[in-house]
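Numbering of the sequence shown is given in this note's numbering, commencing with residue 19 and proceeding in unit increments.
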Amino acid sequence: MSGRNGGRWVIHLPIGVPDLLRARVFARTATRLLLQLSRTVDVGEVTVSREDEQGVHHRVFCDRLLAGGGRCALPTEHRAPCTARRNQRNARAW
19 MSGRNGGRWV IHLPIGVPDL LRARVFARTA TRLLLQLSRT VDVGEVTVSR
69 EDEQGVHHRV FCDRLLAGGG RCALPTEHRA PCTARRNQRN ARAW
């Protein structure tokens, strides 16, 4: 086990919801709230999975790389053109 400064730690926060749509909505909402507290949230890596299929991840945000730089901030499977994320993840750690 690594010490306090032994690299990056990832938080897994299981929250049960009845279906994929609600899981994605809840995850987007939680992500946006957490961004108010810390810019270290990696929005593009937010995923949800079924409780009994935790190896199968479903992305929550599109996160496509845009031509002018930045990433798409819209939900996965959106129909509108990709739009840049307003609050890019800050590179500095806590």
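In this text, a Cβ means the ideal position worked out from N, Cα and C, and glycines have one as well. The model shown is predicted, which means the values in this text are computed figures rather than measured ones.
Beta-bridge partners of residue i, as assigned by DSSP
| i | result |
| --- | --- |
| ARG68 | GLU71 |
| PHE79 | PRO93 |
| ALA102 | CYS90 |
Distance between beta carbons of residue j and residue i, contact taken as under 8 angstroms
| i | j | result |
| --- | --- | --- |
| PHE44 | VAL61 | Between VAL61 and PHE44 the Cβ distance is about 15 angstroms, and since that is not below 8 angstroms, they are no contact. |
| ARG77 | THR94 | 5 angstroms |
Option nearest residue i by Cα separation, candidates the options
| i | options | result |
| --- | --- | --- |
| ALA31 | ASP37, LEU39, ALA48 | Per the sequence shown, residue 31 should be read as Leu rather than Ala. Closest by alpha carbon: ALA48. |
| HIS75 | LEU83, ASN23, VAL64 | VAL64 |
| ASP70 | ASN23, VAL28, ARG46, ASP37 | ASP37 |
Bounding residues of the alpha helix (DSSP H) (the contiguous stretch that carries residue i)
| i | result |
| --- | --- |
| VAL43 | 38 to 55 |
Cutoff 8 angstroms; reference residue i; Cβ partners in own chain excluding five residues on either side
| i | result |
| --- | --- |
| LEU92 | PHE79, CYS80, ALA98, CYS100, THR101 |
Sequence-distant residues of its chain with Cβ nearer than 6 angstroms to residue i (five each side left out)
| i | result |
| --- | --- |
| ALA41 | VAL35, VAL66 |
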